[in-house]
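Chemist: Below is a structure I'd like to ask you about.
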Amino acid sequence: MDMPNTNPLTVTLDALNSKFDLLNEKCIVNHSCYFGATNDNYTEFDKLDKSRVCGIKLFMGSSTGNMLVDKMNSLLKIFNGTDMLIAAHCEDQEIIKANIEIYKKKYKGTDDIPSMPTPVYVPFPPAMPLPSWPSVWQELPEHDCIFCMYLPPKN
């Protein structure tokens, strides 16, 4: 199950078909792809071949580059636009921005921030707000198949 946040992003039907062509040429095992949701591409969902596409991948934080879905109208259209599995990364954008600022100050610039493995539990700094995404989920319609890839700790 290939993820859409690779180079090139799999957020258009052309990119998806190109990726399938490459996988069909090189893979000797069964394979599938997630289709990446953006603020604008929910109109493509009904064109996806459900026998080939394993779900919609939704990034609610900018940790993935250019795949941030941060508009409530887009989220509503995504959840109302498909009956496919939606695999959601539930990062909180404000926490991501605040953490970037903390580390920019600590390491004197984005390029100086060291790469490090993600620990099992990352406590929120005391000055950080609690995640705001639960209020977003409360406004979304019910969907039969959602898989949250990441849930921030409650405390």
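Mapping to my numbering: the sequence shown position 63 is 115, numbers consecutive.
Heads up, the beta-carbon is just placed ideally off N, CA and C, and yes, glycines get one too.
Fair warning: this is a prediction, and the values are worked out from it, not measured in the lab.
For Lys158, count the other beta carbons within 10 Å of its own beta carbon; 16 or more makes it buried, fewer makes it exposed. Which is it?
Modeler: So Lys158 counts as exposed.
Chemist: Hey, quick one: how far does the alpha helix (DSSP H) through Tyr155 stretch, first residue to last?
Modeler: Element bounds for Tyr155: Gln145 to Tyr159.
Chemist: Can you name the start and end residues of the alpha helix (DSSP H) that Ile138 belongs to?
Modeler: Note, Ile138: premise wrong, no alpha helix (DSSP H); beta strand (DSSP E) at Ile138 to His141.
Chemist: Going by the DSSP bridge assignment, what does Ile108 pair with across the sheet?
Modeler: BP columns for Ile108 point to Phe87 and Ile138.
Chemist: For Pro60, is the classification buried or exposed, using 16 other Cβ atoms within 10 angstroms of its Cβ as the cut-off for buried?
Modeler: That one is exposed.
Chemist: Just reading off the alpha helix (DSSP H) that Ile208 is part of, what are its end residues?
Modeler: Past the boundaries of the shown model lies residue 208; the chain is included only from 53 to 207, so the question cannot be answered.
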